[in-house]
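Using this note's numbering, the first residue of the sequence shown is number 67, and each one after it goes up by one.
Note that beta-carbon positions come from the ideal geometry of N, C-alpha and C, so glycine has one too.
Note that the structure is a prediction, hence the values are computed from the model and not measured.
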Amino acid sequence: MAGETTITVIGNLTDDPELKFTPSGAAVANFTVAQTPRTFDRQTNEWKDGEANFFRCAVWRDQAENVAESLQKGQRVIVTGNLRIRNFERQDGSRGTSVEIQVDEVGPSLRWATSKTSKASRSGGGGFGGGQGPGPQGGGNAGGAPANPWSTQPQQSGPGGGQSDAWGGSGAASDEPPF
């Protein structure tokens, strides 16, 4: 969406991500990232912590499940997404401000840690294949294996023998996504 305020925050999780499901079945994971600015005091020759900022984050669908399975309290993470600032009124009549990030991407920071990742395997489709055809990730090719949307070689389609482009569509091969 145009005009969004995109923000990237690097900080520590204040608690394990909380995974919930909407009545329609969509997964949402909520978590808070604490980010504390540090400055170097030349007079004392040491680092000083500033006042901590707390960012409430929300991530949706398959990514929410991945976050809940992968991240834990205290881990240093990198979060990027759209900033949402809302004013609200409390029950006692006082006013407050809520700062939230609608997460686009999140992952562990590897500055002082290591991580091993693996591709998530979920049934029910989704991903680039859109839940079409055979294969564990949806969107398969004629051989039953999932189509590779990053392939630069055109793939053969089913019985018609026509070619599909790198994004699984029909026609000449193209490096452009179908959106």
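Paired residues, beta bridge with residue i - DSSP
i: W113; result: F106
i: P174; result: V143
i: E84; result: N96
i: G77; result: V143
i: S184; result: BP columns for S184 are empty, so no partner.
Beta carbon of residue i nearer than 9 Å to that of residue j
i: F97; j: V75; result: no
i: N153; j: S164; result: yes
i: V172; j: Q129; result: yes
i: T102; j: E117; result: yes
i: R150; j: I167; result: yes
i: T72; j: G162; result: no
Residue i to residue j span [Cα, whole Å]
i: D82; j: S90; result: 24 Å
i: G234; j: E131; result: Because the pLDDT at G234 is just 46, under 50, the model does not fix this residue reliably, and the point stays unresolved.
i: A186; j: S136; result: 11 Å
i: E70; j: Q157; result: 30 Å
i: T180; j: A68; result: 35 Å
i: N111; j: R127; result: 47 Å
i: S184; j: R122; result: 26 Å
Same chain only: Cβ atoms within 6 Å of residue i, ignoring 5 sequence neighbours per side
i: N119; result: Q101
i: F87; result: A93
i: D170; result: T146, G147
i: Q138; result: D82
Neighbourhood of residue i by C-beta, 7 Å cutoff - its chain only, sequence neighbours within 5 removed
i: A134; result: P83, L85, A95
i: D115; result: T102, R104
i: E155; result: R161
i: S175; result: I76, R142, V143, I144
Beta-carbon proximity list for residue i, same chain, < 8 Å, skipping 5 on both sides
i: G140; result: N78, L79
i: R177; result: R142
i: W113; result: R104, T105, F106, D107
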